[in-house]
Amino acid sequence: MAVKLKHYEQEWLDEYQEALRQKYAGVFDRLFTFDRTDSSMPLPEYMVNVVVILKKGDRETLEDINYLAHDLALFTEAFPFVLVYTEEDWQLRKKEHRIPFLRQPTEE
């Protein structure tokens, strides 16, 4: 089931995804939105929760991709919470059940 986003959140997400495709064409793989299910995670209800999966990347690239999300949101009402992983790390986390905050990720 798709995460229901407000119009301005969807606009931000579309812009973010397009920026990732352009700026990180050889690195960016996909992104997912998710609903928060773990009440111990202090995420506001109005937050856009996103997981970005990269084909490859180092710590600096992961940080740059996270900063890009917030830069694009500066003049919008969207408030992104972005987690960035390489495909390898994402698969390891899934295998080890280290992503308890995800109910069912929705690929955009």
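Start counting the sequence shown at 544; every next residue gets the next number (the working numbering).
All residues carry an ideal CB built from backbone N, CA and C; glycine is no exception.
Only a predicted model underlies this, so the values are computations on that prediction, with no experimental measurement involved.
Cβ-based neighbour list, residue i, same chain, cut-off 7 Å, excluding 5 preceding and 5 following
i: Glu-620; result: Tyr-551
i: Ile-642; result: Arg-636
i: Gln-553; result: none
i: Gly-600; result: Val-570, Thr-629
i: Trp-633; result: Ile-596
Spatial neighbours of residue i in its chain, beta-carbon cut-off 8 Å, leaving aside the 5 residues before and after
i: Glu-558; result: Leu-615
i: Glu-650; result: Reliability of the predicted coordinates at Glu-650 is poor, the pLDDT of 48 falling under 50, and the value obtained from them is presented with this limitation in mind. Excluding residues within five positions, the ones whose Cβ falls inside 8 Å are Arg-573, Leu-574, Phe-575.
i: Trp-555; result: Val-591, Leu-615, Ala-616, Thr-619, Ala-621, Pro-623
i: Ala-562; result: Leu-611, Leu-615
i: Leu-548; result: Leu-556, Thr-576, Val-591
C-beta contact flag for residue i and residue j at 9 Å
i: Phe-575; j: Ile-596; result: yes
Residue i versus residue j: straight-line alpha-carbon distance, rounded
i: Gln-560; j: His-640; result: 26 Å
i: Glu-603; j: Val-593; result: 19 Å
i: Glu-606; j: Phe-618; result: 20 Å
i: Lys-598; j: Tyr-567; result: 10 Å
Buried versus exposed call for residue i [16 or more other C-beta atoms within 10 Å across all chains shown]
i: Tyr-740; result: Absent from the model: residue 740. The displayed extent of the chain is 544 to 651, so no value can be given.
i: Tyr-610; result: exposed
Test: residue i CB closer than 9 Å to a CB of chain B
i: Leu-626; result: Here there is only one protein chain, and chain B is not present.
Given residue i as reference, the closest of the options once Cα atoms are compared
i: Arg-564; options: Ala-612, Asp-632, Gln-634; result: Ala-612
Cβ-based neighbour list, residue i, same chain, cut-off 6 Å, excluding 5 preceding and 5 following
i: Leu-626; result: Val-594
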